[in-house]
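Chemist: Protein chains in written order, with my numbering: chain A, 17 to 252; chain B, 1200 to 1605.
(1) I need the DSSP call for residue 1487 of chain B, collapsed to helix, strand or coil.
(2) Among the residues of its own chain, which have a CB less than 7 Å from the CB of residue 1331 of chain B, if the five just before and after it don't count?
(3) Which residue spans inside the region 18-54 of chain A form an unbroken beta strand (DSSP E) run of at least 3?
(4) Rounded C-beta distance between residue 90 of chain A and residue 96 of chain A? I'm assuming under 8 Å.
(5) Quick one: any contact between the region 27-39 of chain A and the region 193-206 of chain A, if contact means 3 or more CB pairs under 8 Å?
(6) For residue 1561 of chain B, count the other beta carbons within 10 Å of its own beta carbon; 16 or more makes it buried, fewer makes it exposed. Which is it?
(7) Cβ of residue 1301 of chain B within 9 Å of Cβ of residue 1545 of chain B?
(8) Taking only three categories from DSSP, how would you classify residue 1367 of chain B?
(9) Here's the rule: buried if 16 or more other CB atoms are within 10 angstroms of the residue's CB, otherwise exposed. What is residue 250 of chain A?
(10) Run through DSSP, which three-state label would residue 1323 of chain B get?
(11) Could you tell me the distance, in whole angstroms, from the CA atom of residue 1524 of chain B to the CA atom of residue 1552 of chain B?
(12) Name, please, each residue of chain B whose Cβ falls closer than 9 Å to the Cβ of residue 119 of chain A.
(13) Pull up the distance between the alpha-carbon of residue 241 of chain A and that of residue 1530 of chain B, whole angstroms please.
(14) In the DSSP assignment, find the unbroken beta strand (DSSP E) run with residue 1444 of chain B in it and report its ends.
(15) How about residue 1250 of chain B and residue 1495 of chain B: are their beta carbons less than 9 Å apart?
(16) Is it true that the region 1357-1372 of chain B meets the region 1443-1450 of chain B, where meeting means three or more beta-carbon pairs spaced less than 8 Å apart?
(17) Go ahead and pull the three-state DSSP assignment for residue 1589 of chain B.
(18) Counting only beta-carbon separations shorter than 9 Å, does residue 1258 of chain B have a partner in chain A?
(19) In the DSSP assignment, what residue or residues form a beta bridge with residue 1391 of chain B?
(20) Counting only beta-carbon atoms, is residue 1605 of chain B nearer than 9 Å to chain A?
(21) Quick check on residue 172 of chain A: does DSSP put it in helix, strand or coil?
(22) Look at residue 1606 of chain B and residue 1365 of chain B and say whether their C-beta atoms are less than 9 Å apart.
(23) Which chain B residues sit within Cβ distance under 7 Å of residue 140 of chain A?
(24) Is residue 1341 of chain B closer than 9 Å to residue 1413 of chain B when the C-beta atoms are compared?
(25) Quick check on the burial criterion: 16 or more other C-beta atoms within 10 angstroms. Buried or exposed for residue 1206 of chain B?
(26) What residues of chain A sit near residue 1571 of chain B, judged by a beta carbon separation below 7 Å?
(27) For residue 199 of chain A, which three-state DSSP category applies?
(28) Can at least three beta-carbon pairs, one atom from the region 138-147 of chain A and one from the region 1213-1221 of chain B, be found at a separation below 8 Å?
(29) For residue 190 of chain A, count neighbouring Cβ atoms within 10 angstroms of its own Cβ and tell me buried if that reaches 16, exposed if not.
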């Protein structure tokens, strides 16, 4: 079953006819004519083998990269017409990222790493820490808030990274292979966390190469050679 | 937290509060402490060297100025020229009297060689062992004219002019083994015992008097049977007329052969010494600048490496909403922090070296404000230049590339 048409006010992220070509001889077409709409409150997984273009898709959805052609709408803004500094502003307020490698700052505590999620919004440190405490609580790590990032286990680090992505209540959370660096048991914990956060209303896109993992999410978009192969939503 | 929805152009921009900017700039320093300390050390040594050189040169200069102030620059020294065809070098007998007639002259003190007389600790010392000491017959106002002072005892003006008494220069007293005058001491001078009544402090304006035994003219005539001819005349005058007096001096002293008279200003020698030292100061300043430059290159090097190592962090920050400018400001700030730490450390080090050495030399400690302000400013400038290229590189890092790096 293909996802239906979403009313504009409920659209968290929309891609229409998006193509991404990298210069070279011959040019590499990483994405070809991709249409994808994600509604507020959805939990979508984009699944495909390595080299299928899913990382490029994530970067374009996250405004870290621009499409060669097509329209990308994030939080109601067509990003093609925006200068780089506006894209940075959109990232700071509307998009949360979760990475396979966590990307926590080694010299900082868990709570300050989470607080960094609001660093570029100009929020004062005391407020950031307040929000960070609440966010750490949401991922069940309140008791580890004053530990240095380097003292945490892999699963805890990823939960800190998720808390950081959640802190500004972004329109959408983009998670790139969030379980890729974790053992399977810890991976299950992270997936459960993402499911429960989605149940609380957070819009999440999970990118993975793991089809079994993808089965756990309600909507699976399958991508191969830069094209969307299928877009299936469970009726649960 | 509430986030306002963006509408077209009115997207609230990414902002990094100044306090957060400083914190972000300090992250690299906190997580790589040893490296930061070592690269700040380069700057510290450069700044420290420059501050110390400036501080020492100022301290020594202020010491000299104090010395000149105390000794006065209004003194001229008149001697007979020596050289081929000029004979032994003698001034006319009436030279002191002639000089006294020059208007602005305030005091005249003559010193005469006393033939072959030498001074010995006792009459048992073989006559060849002179210890390199001379005997001079001097006017009793010599001490005042030279602004000298006594280490012990009294000068000749306090004693009866015709008695066999002697005042020893500082070096002469040391070579004769006389340290104090607590007990009556006599020395064998010419063929007489002379009572030592005083020991001079070192005479800055005429160091050759340090190696002399000074007797009065009367005593020399009475006991040493010497034909006294003035060899050196010290002249004090109104400070504003030094050049005028100097111009007429030679002709006044020896109207027939003014070219056989040598007029010098002893304070010039002290100033010349200072000028020589300031040439050295410039050399050391140059060396300090080279050290600073090397320190700057060290910081640039460390920053470039840091940018390469921290691509992941750069990618993360871009993902969190940092603009290119935020990234470049962070790395430039880190470079500035490093160099500021080095600069402050260097100023402290330079001041400490100055204080230690000046105290050791007995000078007043003087670290010029220009060295402190200039030192920190130079460190900041070096930090800014060193950080510029790494900061630009950091800003150019593509976030998508950076986030792919493992």
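We put the CB at the ideal spot given by N, CA and C, even for glycine.
Modeler: Once the coordinates are examined:
(1) Translated into the one-based positions of the second chain, residue 1487 of chain B becomes position 288. The answer is helix: DSSP assigns residue 1487 of chain B an H, G or I state.
(2) Along the second chain, read from residue 1 onward, the residue named residue 1331 of chain B stands at position 132. The residues are 1410.
(3) 27-38
(4) Working through the first chain from its first residue, we reach residue 90 of chain A at position 74. Working through the first chain from its first residue, we reach residue 96 of chain A at position 80. Incorrect: roughly 11 Å between the Cβ atoms, too far for contact.
(5) no
(6) Indexing the second chain from 1 puts residue 1561 of chain B at position 362. Answer is exposed; the Cβ neighbour count stays below 16.
(7) Taking the first residue of the second chain as position 1, residue 1301 of chain B is located at position 102. Taking the first residue of the second chain as position 1, residue 1545 of chain B is located at position 346. No, the Cβ-Cβ distance between residue 1301 of chain B and residue 1545 of chain B is not below 9 Å.
(8) Walking along the second chain from the start, residue 1367 of chain B turns up at place 168. Reduced to three states, the DSSP call for residue 1367 of chain B is strand.
(9) The count along the first chain starts at 1 and reaches residue 250 of chain A at position 234. Residue 250 of chain A comes out exposed.
(10) Here residue 1323 of chain B is taken as the residue at index 124 of the second chain, counted from 1. The answer is coil: DSSP assigns residue 1323 of chain B none of H, G, I, E or B.
(11) Position 325 of the second chain, counting from 1, holds the residue named residue 1524 of chain B. Position 353 of the second chain, counting from 1, holds the residue named residue 1552 of chain B. Cα-Cα distance, rounded: 41 Å.
(12) In the first chain, residue 119 of chain A corresponds to position 103, counting from 1. Result: 1511, 1512, 1514, 1515, 1518 and 1602.
(13) As a working note, residue 241 of chain A is residue 225 in the first chain. As a working note, residue 1530 of chain B is residue 331 in the second chain. Approximately 38 Å, taken between the alpha carbons.
(14) Residue 1444 of chain B sits at position 245 when you count from the first residue of the second chain. Counting along the chain, residue 1444 of chain B falls outside any beta strand (DSSP E), though it belongs to the alpha helix (DSSP H) covering 1441-1452.
(15) Indexing the second chain from 1 puts residue 1250 of chain B at position 51. Indexing the second chain from 1 puts residue 1495 of chain B at position 296. No.
(16) no
(17) Residue 1589 of chain B sits at position 390 when you count from the first residue of the second chain. Reduced to three states, the DSSP call for residue 1589 of chain B is helix.
(18) Along the second chain, read from residue 1 onward, the residue named residue 1258 of chain B stands at position 59. False, the Cβ-Cβ gap to chain A never drops below 9 Å.
(19) Sequence index remark: in the second chain, residue 1391 of chain B carries index 192 (1-based). Looking at the DSSP assignment, residue 1391 of chain B forms a beta bridge with B:1388.
(20) Within the second chain, the letter at position 406 stands for residue 1605 of chain B. For residue 1605 of chain B, the predicted structure reports a pLDDT of 49, less than 50, and the residue's modelled location is therefore unreliable. The matter cannot be settled from this model.
(21) If you number the first chain from 1, residue 172 of chain A lands on position 156. DSSP places residue 172 of chain A in helix when its eight states are reduced to three.
(22) The requested residue 1606 of chain B is not part of the displayed model; chain B covers only 1200 to 1605.
(23) Start at 1 with the first residue of the first chain, and residue 140 of chain A comes out as number 124. Under the 7 Å cutoff, chain B gives 1216.
(24) Taking the second chain and counting its residues from 1, the one referred to as residue 1413 of chain B is at position 214. Taking the second chain and counting its residues from 1, the one referred to as residue 1341 of chain B is at position 142. Their beta carbons are under 9 Å apart, which means residue 1413 of chain B touches residue 1341 of chain B by this criterion.
(25) Stepping through the second chain from its first residue, residue 1206 of chain B is reached at position 7. Confidence at residue 1206 of chain B is low in this model, with a pLDDT of 46, below 50, so its placement is unreliable and the value that follows should be read with caution. So residue 1206 of chain B counts as exposed.
(26) Counting from 1 along the second chain, the entry for residue 1571 of chain B is found at position 372. Going along chain A, no residue has its Cβ under 7 Å from residue 1571 of chain B, so there is no contact; the nearest lies around 32 Å.
(27) Here the question's residue 199 of chain A lines up with position 183 in the first chain. Correct three-state label for residue 199 of chain A: coil.
(28) yes
(29) For the purposes of this step, residue 190 of chain A is taken as residue 174 along the first chain, with counting starting at 1. By the 10 Å Cβ count, residue 190 of chain A comes out buried.
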